[in-house]
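Residue numbers (this note's numbering): 217 to 551.
What follows is a single structure, written as structure tokens, with notes after it.
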């Protein structure tokens, strides 16, 4: 890097200097503090290391057009910090032509630190996602007055189990991914909105054809979500709906491959679906239904334990058991 550019690193705002290939040559202390990336880890990498799909493609197109023409550019980025949290910033990038070489100096100002700004922070995005998914799930299953409490409990239990499993197994999964599992779990049975009530709430044993119809709710649910996403076409919800599709389609798959709709086995079943499978069965067992009485929580736990390695992921059941032993799982009447 040319010595004449070093004074820029003394600015109070975050500063990044790249070459003409947009490889990082230097960043200042403010940049390190905000992003969590120390210089020795990020220098030499492409500047796009922080990039997310939440910044519209049009923003990058406009940036490259300006810089390639030798003009400075200003805009708004939604980037990703080292801890995977979002970072909203206003940036000005200026090209410098020194001794036949092109350098780009980017000066960032973190929008979260400003008094006000027209952007959605991570917490607000999460709140909007959760609220919309809840309204969607409940509105599609409005026939059952008790469905909201079931959906909320599944969501709460999914959050507890996901965090405990992540902790016990040392997976170090990003917090955003964990939160996405619990938010999306509320949609797991959305496809049942298309199942006739006479079959869905039948008190006696189901005929084979009735069982086949009920099993179709997984495929129907994915179709519903696909149509909703085609209308939204918004990257804010892209990961959310992708997770939801996995849960809806595969939460009735079984660890030994005897589930439906695709007979997936073991870790071929998406993790989020394996988690919801455990908590959905547990809550169904301890809750009163038109076709069954509720089970004691101890009996429900025994059922999960007996069926681990067959119906359920053994590690997930063991993780769920630790929550029970610590008194973190309460029956429906106590929630």
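Every residue gets a Cβ at the ideal spot worked out from N, C-alpha and C, and that includes glycine.
Just so it is clear, the structure is predicted and the values come from calculations on it, not from any experiment.
Let me know the secondary structure DSSP gives residue i once reduced to three states.
i, result
"residue 268", "coil"
"residue 259", "coil"
"residue 291", "strand"
"residue 384", "helix"
"residue 521", "helix"
"residue 219", "helix"
"residue 245", "helix"
"residue 461", "helix"
"residue 333", "Low confidence applies here, because residue 333 scores a pLDDT of 44, under 50, leaving its location unreliable and the question unanswered by this model."
"residue 240", "strand"
"residue 510", "coil"
"residue 505", "strand"
"residue 399", "helix"
"residue 369", "helix"
Are there 16 or more other CB atoms within 10 angstroms of the CB of residue i, so buried, or fewer, so exposed?
i, result
"residue 219", "exposed"
"residue 421", "exposed"
"residue 460", "buried"
"residue 280", "exposed"
"residue 388", "exposed"
"residue 264", "exposed"
"residue 223", "exposed"
"residue 209", "A query on residue 209 cannot be resolved here, the shown segment of the chain reaching from 217 to 551 and no further."
"residue 397", "buried"
"residue 272", "exposed"
"residue 400", "buried"
Please return the same chain residues whose Cβ sits closer than 6 Å to the Cβ of residue i, not counting the five positions on each side in sequence.
i, result
"residue 480", "469"
"residue 433", "407, 408, 411"
"residue 248", "254"
Hey, quick one: how far does the beta strand (DSSP E) through residue i stretch, first residue to last?
i, result
"residue 234", "230 to 235"
"residue 306", "302 to 314"
"residue 322", "317 to 326"
Just to confirm, are residue i and residue j a CB contact at a threshold of 8 Å?
i, j, result
"residue 384", "residue 535", "yes"
"residue 259", "residue 277", "no"
"residue 495", "residue 374", "yes"
"residue 544", "residue 283", "no"
"residue 289", "residue 326", "no"
"residue 529", "residue 490", "yes"
"residue 323", "residue 243", "no"
"residue 462", "residue 391", "no"
"residue 507", "residue 417", "yes"
"residue 221", "residue 319", "yes"
"residue 499", "residue 370", "yes"
"residue 251", "residue 270", "no"
"residue 438", "residue 467", "no"
Quick one: give me the first and last residue of the alpha helix (DSSP H) that residue i is part of.
i, result
"residue 540", "530 to 541"
"residue 389", "Segment: none, residue 389 is in no alpha helix (DSSP H) and carries neither H nor E."
"residue 500", "487 to 502"
"residue 278", "273 to 284"
"residue 421", "Run containing residue 421: none; DSSP gives neither H nor E here."
"residue 469", "Per DSSP, residue 469 belongs to no alpha helix (DSSP H) and is neither H nor E."
"residue 414", "413 to 416"
Below 7 Å CB to CB, which residues in the same chain sit around residue i once its five sequence neighbours on both sides are set aside?
i, result
"residue 436", "407, 410"
"residue 524", "530, 533"
"residue 314", "218, 220"
Ignore the nearest five residues each way along the sequence and tell me which others in residue i's own chain have a CB closer than 8 Å to its CB.
i, result
"residue 414", "none"
"residue 429", "411, 412, 415"
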